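Q:
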Amino acid sequence: MTTKEILLEQFTACYDENGWFVALKNAVKNLTAEQAIWKTENLDNSIWEIVRHLNFYNEAYLKRFKGMTVDYSGTENSETFTGAETVSEEAWQAEVEKFDSIMTEWRSLLEAAESSKFDEAVSATNSSAWSSLIAHANAHNAHHGGQIVVLIKLQGSWDTKEGVS
Numbered sequence: 000m001t002t003k004e005i006l007l008e009q010f011t012a013c014y015d016e017n018g019w020f021v022a023l024k025n026a027v028k029n030l031t032a033e034q035a036i037w038k039t040e041n042l043d044n045s046i047w048e049i050v051r052h053l054n055f056y057n058e059a060y061l062k063r064f065k066g067m068t069v070d071y072s073g074t075e076n077s078e079t080f081t082g083a084e085t086v087s088e089e090a091w092q093a094e095v096e097k098f099d100s101i102m103t104e105w106r107s108l109l110e111a112a113e114s115s116k117f118d119e120a121v122s123a124t125n126s127s128a129w130s131s132l133i134a135h136a137n138a139h140n141a142h143h144g145g146q147i148v149v150l151i152k153l154q155g156s157w158d159t160k161e162g163v164s
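Residues 0 to 164 in numbering that gives the first Met the number 0 are what the sequence shown lists, from first letter to last.
1) To the nearest angstrom, how far is it from the Cα of glutamate 40 to the Cα of isoleucine 147?
2) So does the segment 104-113 actually touch the segment 58-75, counting three or more Cβ pairs closer than 8 Å?
3) Figure out for me which residue from Ala93, Ala136, His143 and Trp47 has the closest Cα to the Cα of valine 21.
4) How far does the beta strand (DSSP E) with alanine 128 in it reach, from first residue to last?
5) For leucine 6, does the count of other Cβ atoms within 10 angstroms reach 16, so buried, or fall short, so exposed?
6) Going along the chain, which residues of its own chain have a beta-carbon closer than 8 Å to the beta-carbon of serine 127, five neighbours each way excluded?
7) Could you give the C-beta distance for asparagine 83 and tryptophan 47, rounded to a whole number, given that I count them as a contact under 8 Å?
8) Which whole-angstrom value is the C-beta distance of tyrosine 60 and leucine 132, which I expect to be below 8 Å?
9) Contact defined as beta carbons within less than 8 Å: I believe lysine 3 pairs with serine 87. What is the distance between those atoms, to the nearest angstrom?
10) Throw me the rounded Cβ distance for the phenylalanine 55 and threonine 79 pair, which I believe falls under 8 Å.
11) Of the choices Lys152, His135, Glu33 and Arg51, whose alpha-carbon is the least far from that of glutamate 96?
12) Taking the beta carbon of tryptophan 129 as the centre, do at least 16 other beta carbons fall within 10 Å, making it buried, or is it exposed?
13) Pull up the DSSP beta-bridge partners for alanine 120, would you.
14) Smallest Cα separation from lysine 24: which of Ala123, Gln34, Glu33 and Ala12?
15) Can you have a look at glutamate 16 and say buried or exposed, based on whether 16 or more other CB atoms are within 10 angstroms of its CB?
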């Protein structure tokens with residue numbers, strides 16, 4: 000397999016095709032706004048906050064992959080886990096749709112990219128190769144997908160038909 004094929008396979012497993020773990024799109028697909036904002040006293044973030052965090056970073060790196068400049072130097076990581084301004088089913092679905100839109104565009108760009116793109120440095124200030132950054136982004140998405148599944152299980156609303164018991 001080529002680097003591109005491996006990254007696309009990882010991307011698909013993390014985004015929308017269950018395999019060894021539940022993909023993010025499948026984890027959030029039937030959640031209500033109430034389930035998405037729920038959190039216990041002992042946990043830092045709700046599902047909604049995690050999805051907003053993922054949207055922030057996936058969108059930022061998507062823009063950079065497209066050659067756009069993204070300045071988030073003044074943003075602390077903790078600030079990306081923000082809650083919803085308005086809690087409603089419509090607002091939650093808009094957040095999920097934003098995630099799907101970002102990830103769909105990511106997939107299209109990965110599929111269309113020349114193999115040499117994955118060896119290029121991310122930017123003048125980040126010498127990491129795109130292949131490395133994308134592999135880490137995939138792992139980051141999988142990590143937070145696992146957190147989401149745990150939160151759903153803690154709520155008692157996980158359907159084991161989705162892939163894990």
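Glycine included, every Cβ here is placed at the ideal spot set by N, Cα and C. Please read all numbers here as calculations on a predicted model, not as lab measurements.
A: Concretely, from the data shown:
1) Position 41 of the sequence shown, counted from the start, is the residue given in the question as residue 40. Position 148 of the sequence shown, counted from the start, is the residue given in the question as residue 147. The straight-line gap from Cα to Cα measures roughly 16 Å.
2) yes
3) Along the sequence shown, one-based indexing puts residue 21 at 22. Nearest of Ala93, Ala136, His143 and Trp47 to valine 21, Cα basis: His143.
4) As a working note, residue 128 is residue 129 in the sequence shown. 125-128 is the extent of the beta strand (DSSP E) around alanine 128.
5) Locating residue 6 in the sequence shown gives position 7, where the first residue counts as 1. Buried, by the Cβ-count rule.
6) One-based indexing of the sequence shown puts residue 127 at position 128. So the qualifying residues of the chain are Ala120 and Val121.
7) Residue 83 sits at position 84 when you count from the first residue of the sequence shown. Residue 47 sits at position 48 when you count from the first residue of the sequence shown. According to the sequence displayed, residue 83 carries alanine and not asparagine. Rounded, the Cβ-Cβ distance is 6 Å, consistent with contact.
8) By one-based count along the sequence shown, residue 60 stands at place 61. By one-based count along the sequence shown, residue 132 stands at place 133. Contact holds; Cβ gap of about 7 Å.
9) Within the sequence shown, the letter at position 4 stands for residue 3. Within the sequence shown, the letter at position 88 stands for residue 87. Wrong, their Cβ atoms sit about 40 Å apart, outside the cutoff.
10) Mapped onto the sequence shown, residue 55 falls at position 56. Mapped onto the sequence shown, residue 79 falls at position 80. That pair is a contact at about 4 Å.
11) What you label residue 96 is simply residue 97 of the sequence shown in a count that begins at 1. Nearest of Lys152, His135, Glu33 and Arg51 to glutamate 96, Cα basis: Arg51.
12) In the sequence shown, residue 129 corresponds to position 130, counting from 1. By the neighbour-count rule (16 or more Cβ atoms within 10 Å), tryptophan 129 is buried.
13) As a position in the sequence shown, residue 120 is number 121, starting the count at 1. Per DSSP, Ala128.
14) Residue 24 sits at position 25 when you count from the first residue of the sequence shown. Measuring from the Cα of lysine 24, the nearest candidate turns out to be Ala12.
15) The residue you call residue 16 lines up with position 17 of the sequence shown. Classification for glutamate 16: exposed.
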